Amino acid sequence: MVYSVAILTVSDTAASQPQTDRSGPILVDAFGSHASGDLAVKHTAIVADDEELIRQTVQQWIDHDTVHLVVTTGGTGFGLRDRTPEALAPLISRPTPALTHAITAHSLQKTPLAALSRSVTGIRRSSNQATDHESLIVVLPGSPKAVMECLEVLLGCQEQGKERQGVLLHALELLSGHSGQKQHQQMQGAMSRDATASIAVSTGTDTGHARSHHHHHHLHRHGHHHGHDHGHDHVRSKGLHSHSMPVPRTKPEDHLGPFPFKTQDPSSGPSLRHRQSPYPILPLDEALRLIADNTPHPADLSGARTATRAVSVELIGSVLAEDITAPRDLPPGPTTNVDGYAVRAASTPAGDYRVVTLRTLTARDDGALLPGEIFRINTGQGLPAGTDAVVMVEDTELLDVYPDDDEAMKGEEKLVRVLAQVESGENVRQKASDVKQGEVVLRKGTTLSALGGEIGTLAFLGRSEVRVFAKPRVAILSTGNELADVGQVPLDAGKAGAQQESWGFTVFDANRPGLKAAVTGMGFECVDLGIVGDDVGETLSALRRGLESADVVITTGGTSMGESDLLKPLIERHLGGQIHFGRVAMKPGKPTTFATIPPVPTPNDETTRGQGVSKQIFALPGNPASALVCFYVFVVPSLRKLCGYPPSPSSSVPSSSSSVAGNKEEVANGWNLPRIQVKTTSEMKLDPRPEFHRCTVSVRADGEVLASSTGSQRSSPAPAPIYPSA
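Counting from 85, one number per residue, gives the positions in the sequence shown under our numbering.
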């Protein structure tokens, strides 16, 4: 098997001057020319000493490009900018301290300065469950000499005339799910030359899965095993034996669906529940990326979810699913852009002229002006035949009006003096100067905003209806035995609760009303699933109703580690869903869960909502402030993408194959709400995690935007008006 390798050089200098990188080429040459032919360098990059950039690059290689091995060089010293170990520590799901020790110990034999290197190794399980693989991360120093010394441990070398086997290929073989027998025998060398026997056992291998593999027992003449075991030294390769290990014919994963269960069966009782969450805490950017990757854009679906809607205010927030073209030239003929008098420029020098009105002109068969006449005209009005310019009213003087005894023309202008001659085309909007027939005026993907410009343009073009991407329906469910709707129980909630449960109390559900207001305020149709207690049947029934009637389901509560926290196991075990993440490194909202449910083959309504499309479930924390913050952080980007919103140009995902990465403004989800820079009005104690602090925002006279804290940031009180910002 050929293992893919990615090599990352971490250096401020090399990031700006790639030609100064000396260690990266050493690694490329060592892996690319390895005698085994089992290593292939697929990606290389150089980044500055920036934690976020280092982590994003390595995470992209492992989670999306599925490389087997990532080796970094640089940023491991004691300097203030040396942050590579800190950058990659959150990505490591299984540390490999012995491998780190082997590299360090070998380097210390060469120089005591190796003690000043903070090399790290570890295994990362990809967050992309479609591939479900593990990769090895090796963090090496930046010195070319140190890199070559470390490679002696990884790839092997000659020591005192003898060949020393490297450990890397054996590690990669085990990580890829193989037994490692070939590499194991090569590394044992002479120790394995004696008679060898193997016993098939069913156990957990180094890959983390239960599968059959072989332990190799090296038999010596004195009759006991060396190295692995001290059991019986007699084995039989055929038939049954009283000492042989029973070997099941199936593996645990054979009994699972496409994704192995991480959750515990909620019916098995609290004693069997997890004591630690099986879900790793993901960086916020990774969680946002997973949402973007697992939310379909309607334009990419074979049966795009579209609907034909009348042009009205109901279109606000919708996204066009078609190009809008002009049905005719606009304006259809020359019009004036000022109030004044239409004239034939060449024959209308400064002088006195008789005024003709629309009433007079329409009475004539040819509708044309006679010599010595000018036509009074208002802004936007079409020019009469034979005229090609307009004299502004400011460039004229009134000389005479019709007398009061002239009933037909009473009060009309009769004679006007033109003070200046105009040129042909002056103060005139020419035919088709706004838009030509057939020209695309609004592109597919345009958002019809509340500012009114887009909807006004549709009316300007004469469109009575348009095709838009159907907005997703959103179902909202609250969970918890302690919850009640306002008006359902007396205001003395404590007393009411005490009557129901001797140990507890009743609280009013603030999550559904708050989320319904936010969802409908953004123009989405909301399906209210009500409140369900901590009951498997009730919760499952409500979830199924939500999936049948809506495109996105939002739940609050039931996402932590308690025995009554049912959302994750129900999603995974009863709905066949895939949980993409179950915890996020953020404050508030750590237990936020995002999952997708396989397609339900039933149409929803008259809109072509697209059969065969997965649906999204967002299980948010039960605390009101946490729920609302997480709605804006996680749910809104998904809803915007489902609506057909285009990604923000400044939110592109960095490419893993570029030789030099360096755009810190790139974010993981292009459908996030826009962010702005603000100045805080008071000091704020920062959490190590990304923290979303609820604030009110105001603008000073000089344009500076101020953010004032709403006070206590506990997640349980009802939130004040919030403007989420990291």
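Heads up, the beta-carbon is just placed ideally off N, CA and C, and yes, glycines get one too. Please read all numbers here as calculations on a predicted model, not as lab measurements.
Check: Nearest candidate by alpha-carbon position, reference K725, set T188, S227, S402; Outcome: S402
Check: T677 vs S562 beta-carbon contact at 9 Å; Outcome: no
Check: Close beta carbons around D436, own chain, < 7 Å, minus the five adjacent residues each side; Outcome: L483, L499, R501
Check: Nearest neighbour of L374, chosen from A679, V558, R139, M768 [CA to CA]; Outcome: A679
Check: Cα-Cα separation between G121 and S88, rounded to whole angstroms; Outcome: 11 Å
Check: Other residues of its chain near A703: CB distance less than 6 Å, five sequence neighbours each side excluded; Outcome: T639, T643, L651, T677
Check: Through-space distance from D216 to L92, alpha-carbon basis; Outcome: 23 Å
Check: Closest residue to V142 among G240, L183, S210, S117 (Cα-Cα distance); Outcome: S210
Check: Contact check, T205 vs T180, beta carbons under 9 Å; Outcome: yes
Check: Selected residue, minimal CA-CA separation from V697, among A383, S227, Q193; Outcome: A383
Check: Residue burial classification, T764 (beta-carbon count within 10 angstroms, cutoff 16); Outcome: exposed
Check: A516 versus E478 - alpha carbon distance; Outcome: 27 Å
Check: Inter-residue Cα distance where the pair is A405 and P380; Outcome: 15 Å
Check: Own chain residues within Cβ distance below 6 Å of R106, not counting five before or after; Outcome: P228
Check: Nearest-angstrom Cα separation, counted from L770 out to A791; Outcome: 15 Å
Check: Contact under 9 Å by Cβ, L172 with L123; Outcome: no
Check: K748, DSSP secondary structure in three states; Outcome: Confidence is the limiting factor: at K748 the pLDDT is only 39, short of 50, which leaves the residue's position unreliable, though a coordinate-based value still follows. Coil.
Check: Three CB pairs or more closer than 8 Å across the stretch 525 to 544 and the stretch 420 to 427; Outcome: no
Check: Where the alpha helix (DSSP H) through H254 begins and ends; Outcome: 252 to 259
Check: Length of the line joining the Cα atoms of P687 and K555; Outcome: With a pLDDT of only 44 at P687, under the threshold of 50, the placement of this residue in the model should not be trusted, and no figure is reported.
Check: Check whether L368 and M670 have beta carbons under 9 Å apart; Outcome: yes
Check: Neighbourhood of A132 by C-beta, 6 Å cutoff - its chain only, sequence neighbours within 5 removed; Outcome: D96, A99
Check: S88, DSSP secondary structure in three states; Outcome: strand
Check: Three-state secondary structure assigned by DSSP to G158; Outcome: coil
Check: Delimiting residues of the alpha helix (DSSP H) encompassing Q521; Outcome: Run containing Q521: none; DSSP gives neither H nor E here.
Check: V616 and V558 closer than 9 Å at C-beta; Outcome: no
Check: Separation of G495 from L486, as counted between CA atoms; Outcome: Per the sequence shown, the amino acid found at residue 486 is Tyr instead of Leu. Taking the straight line from one Cα to the other gives about 6 Å.
Check: Three-state secondary structure assigned by DSSP to Q797; Outcome: coil
Check: Per-residue burial, R139 [other beta carbons within 10 Å of its own, 16 or more giving buried]; Outcome: buried
Check: N- and C-terminal bounds of the beta strand (DSSP E) containing A124; Outcome: 123 to 131
Check: Enclosing alpha helix (DSSP H) for F115 [first to last residue]; Outcome: 107 to 116
Check: Bridge partner(s) assigned by DSSP for I681; Outcome: K699
Check: Integer Cβ distance of A429 from A394, believed to fall under 8 Å; Outcome: Wrong, their Cβ atoms sit about 44 Å apart, outside the cutoff.
Check: Bounding residues of the beta strand (DSSP E) (the contiguous stretch that carries I176); Outcome: Here I176 belongs to no beta strand (DSSP E), and DSSP marks it neither H nor E.
Check: Alpha-carbon to alpha-carbon, W755 and T480; Outcome: 56 Å
Check: Cβ neighbour criterion (16 or more within 10 Å) applied to R443; Outcome: exposed
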